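Novice: Got a structure for you, questions after.
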Amino acid sequence: MLDVKLLRENLNLVQSELNKKGGAPSFDRWLQQDTRARELKVKIEELRARKNKASEQIAEKKRKKESADSILEEMKQVAQQVTEMQSEQVKVQEENRQFLLTLPNLPHASVPIGKTEHDNVEIRQWGNRPSLSFSPKSHWEIGERLGILDFERAAKIMGARFVLYQGLGARLERALINFMLDLHQSKYKEMIPPYIVNRESMQVTGQLPKFEDDLFHLEAEDAFLIPTAEVPLTNIHRGEILSEEQLPLHYMAYTPCFRREAGSYGKDTKGLIRQHQFNKVELVIFSLPDQSYEWLERLVLDAEEVLKRLNLHYRVVSLCTGDLGFSSAKTYDIEVWLPGQGQYREVSSCSNFETFQARRADIRYRTTSGKTEYLHTLNGSGLAIGRTVVAILENYQQADGSVVIPEVLRPYMGGVERIT
RNA sequence: GGAGAGGUGGCCGAGCGGCUGAAGGCAGCGGUUUGCUAAACCGCCGUAGGGGUAACACUCUACCCAGGGUUCAAAUCCCUGCCUCUCCGCCA
590 MLDVKLLREN
600 LNLVQSELNK
610 KGGAPSFDRW
620 LQQDTRAREL
630 KVKIEELRAR
640 KNKASEQIAE
650 KKRKKESADS
660 ILEEMKQVAQ
670 QVTEMQSEQV
680 KVQEENRQFL
690 LTLPNLPHAS
700 VPIGKTEHDN
710 VEIRQWGNRP
720 SLSFSPKSHW
730 EIGERLGILD
740 FERAAKIMGA
750 RFVLYQGLGA
760 RLERALINFM
770 LDLHQSKYKE
780 MIPPYIVNRE
790 SMQVTGQLPK
800 FEDDLFHLEA
810 EDAFLIPTAE
820 VPLTNIHRGE
830 ILSEEQLPLH
840 YMAYTPCFRR
850 EAGSYGKDTK
860 GLIRQHQFNK
870 VELVIFSLPD
880 QSYEWLERLV
890 LDAEEVLKRL
900 NLHYRVVSLC
910 TGDLGFSSAK
920 TYDIEVWLPG
930 QGQYREVSSC
940 SNFETFQARR
950 ADIRYRTTSG
960 KTEYLHTLNG
970 SGLAIGRTVV
980 AILENYQQAD
990 GSVVIPEVLR
1000 PYMGGVERIT
């Protein structure tokens, strides 16, 4: 949620920033309603002050056993007025809140201006593409041939965009989860949160109210399967006031993630790239405002470290204004090289949300001088597991069709060096 | 799933429909006393929003789990939801 004061005092700035991100709505109605809401507030408070005074007088008279009928009569009318004004106030406030919830975050000054992913800016690269003496196969060909990925049977069990990991495939997935959690262990506190969350939690991180179609919904409970661990992790401190000394807080969690992928029919229909259910290790940071951009840089490095240890070539890009997510002020994507596809694919997305989520969640901290301020939230994948499996299969494939296991993973796979 | 109890300030814990933003205690802060510590004593001690001020002071409004309702007036009465606890049943 954006700062209402900023909207009131510098609407032009907000509009031009939103235009960078892809368009600003009309604020006419909101401005009108916001003014009305404030008028009503003042009037209601005045009437209430009168009511409270009168109440004391009535109590006084009753104690003295005097008649209070005249005041009582007047107060009945005042009470009536207050009730009417309040019902209008509630309506107006709710409408304004709903409008504010649909506004995306503003981009940070350092974010490159652009419209689509083609305008994203590469920040750096690491490592080299593997030199293969044969024409590389896609991970689904490799996986099916080795009997470690079974898309057909997963489709029988549930449908398209699901996979059944088998044998060493399942073991590789589990090895990666443990490897990543162990790698981040010294900096991030490990959590196992609920994988099902309520509406309020989804609203905080920005999935609701605008993107309900992307979520799996449980009708009976009016709850949702999490699309990322960001949701439960960020909501840990919802409604809390932390102390300045507690910050920053670093959390991580491995969770499955569930996404409807509505609107991406026909995209990446084959393989592990775009699944309805996938595994991910997520990193979340709660930071003091003036330190959050330093933490964003470190967060990206923490995610990159995974790929370095796996010796996988990747690049880091800074998303342009048009490609930024709804809640994000700045995002770096880490894209790993996939020989089988001949392209880079995102395995991690690291974002600073500044106060956007903290406002929705009402997460604040008390400064040493006693003031309460909104803190900044950040998160990043560290990493998406399924896509990392893709990268390993495609980068470590051999001419004979086998796949070599990266050295750092072998202890996690009972010493297995190669899948044949 | 069935039966019952309860949710009050950082914590414990009182609370009659009006004099309760809320007794009392603990913790915390300031001070007196003190060789130091401890103890004792005195004072202060919730949050948010508005007005006001150079800044204080001061003042108004809201908040006793959340949302509705009754009433001139609700922490207190009624309804719904959420959460916690106890007992029974079921169960990984």
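In this text, residue positions in the first sequence follow the numbering used here: the first is 590, and each later residue adds one. Ideal Cβ placement from N, Cα and C applies to all residues, glycine included. What you are looking at is a predicted structure, and each value in this text was computed from that prediction instead of being measured.
1. What number of angstroms, rounded off, separates the C-alpha of LEU814 from the C-alpha of LEU765?
2. Would you mind working out which of PHE942, GLN675, GLU645 and ALA759 sits nearest MET664, comparing C-alpha positions?
3. With distances taken from CA atoms, which of ASN968, LEU836 and PRO845 is nearest ILE781?
4. Taking only runs that begin and end inside the stretch 852–904, name each unbroken beta strand (DSSP E) of 3 or more residues, in chain order.
5. With DSSP as the reference, please indicate the residues paired to TRP926 in a beta bridge.
6. Pull up the CB-CB distance for ASP922 and LEU908, whole angstroms please, since I reckon it's below 8 Å.
7. Within 10 angstroms of the Cβ of ARG934, are there 16 or more other Cβ atoms? Answer buried if so, exposed if not.
8. Quick check on the DSSP output: the alpha helix (DSSP H) that includes PRO821 runs from which residue to which?
9. Work out the CA separation of GLU808 and ASP802 for me, nearest whole Å.
10. Between which two residues does the beta strand (DSSP E) holding ALA842 run?
11. Does LYS654 come out as helix, strand or coil in the three-state DSSP assignment?
12. For SER605, name the three-state secondary structure that DSSP assigns.
13. Excluding the five sequence neighbours on either side, which residues of its own chain have a C-beta within less than 8 Å of the C-beta of TYR985, listed in chain order?
14. State the start and end residues of the unbroken alpha helix (DSSP H) segment that holds VAL997.
15. Check each candidate in ILE874, MET747, GLN930 and GLY716 and name the one with the smallest Cα separation from LEU964.
16. Report yes if the C-beta distance between LEU861 and VAL936 is below 9 Å; otherwise report no.
17. Rounded C-beta distance between ILE830 and ARG953? I'm assuming under 8 Å.
18. Spatial neighbours of LEU596 within its chain, please: CB distance less than 7 Å, with the 5 preceding and 5 following residues excluded, ordered by chain position.
19. Name, in chain order, the residues that DSSP records as bridge partners for GLY969.
20. Scan the stretch 696–750 and note each continuous beta strand (DSSP E) run of 3 residues or more that stays entirely inside, going in chain order.
21. Looking only at its chain, what residues have a beta carbon closer than 7 Å to the beta carbon of ALA613, apart from the 5 residues adjacent to it on each side?
Specialist: Taking the definition as stated:
1. Distance from the CA atom of LEU814 to the CA atom of LEU765, rounded to whole angstroms, is 23 Å.
2. Minimum Cα distance to MET664 is reached at GLU645.
3. Per the Cα distances, PRO845.
4. Fully contained in the stretch 852–904 are the following beta strand (DSSP E) runs of length 3 or more, in chain order: 866–876.
5. Partner(s): TYR933.
6. That pair is a contact at about 6 Å.
7. By the 10 Å Cβ count, ARG934 comes out buried.
8. Residues 819–823.
9. Cα atoms of ASP802 and GLU808: separation of roughly 14 Å, rounded to the nearest angstrom.
10. Residue range 838–847 is occupied by the beta strand (DSSP E) that includes ALA842.
11. Reduced to three states, the DSSP call for LYS654 is coil.
12. The answer is helix: DSSP assigns SER605 an H, G or I state.
13. Once the five neighbours on either side are set aside, the close Cβ partners of TYR985 are PRO719, VAL992, VAL993, ILE994 and PRO995.
14. Where VAL997 is concerned, there is no enclosing alpha helix (DSSP H), given that its DSSP letter is neither H nor E.
15. With distances taken between CA atoms, LEU964 lies nearest to ILE874 out of ILE874, MET747, GLN930 and GLY716.
16. Not closer than 9 Å, so no.
17. Indeed they touch by this definition, with Cβ atoms about 5 Å apart.
18. Excluding its 5 nearest sequence neighbours in each direction, LEU596 has C-beta neighbours in its own chain below 7 Å: VAL603, listed in chain order.
19. Paired residue(s): LEU872 and CYS939.
20. The stretch 696–750 contains these whole beta strand (DSSP E) runs: 710–715.
21. Around ALA613: GLN604 and LEU607.
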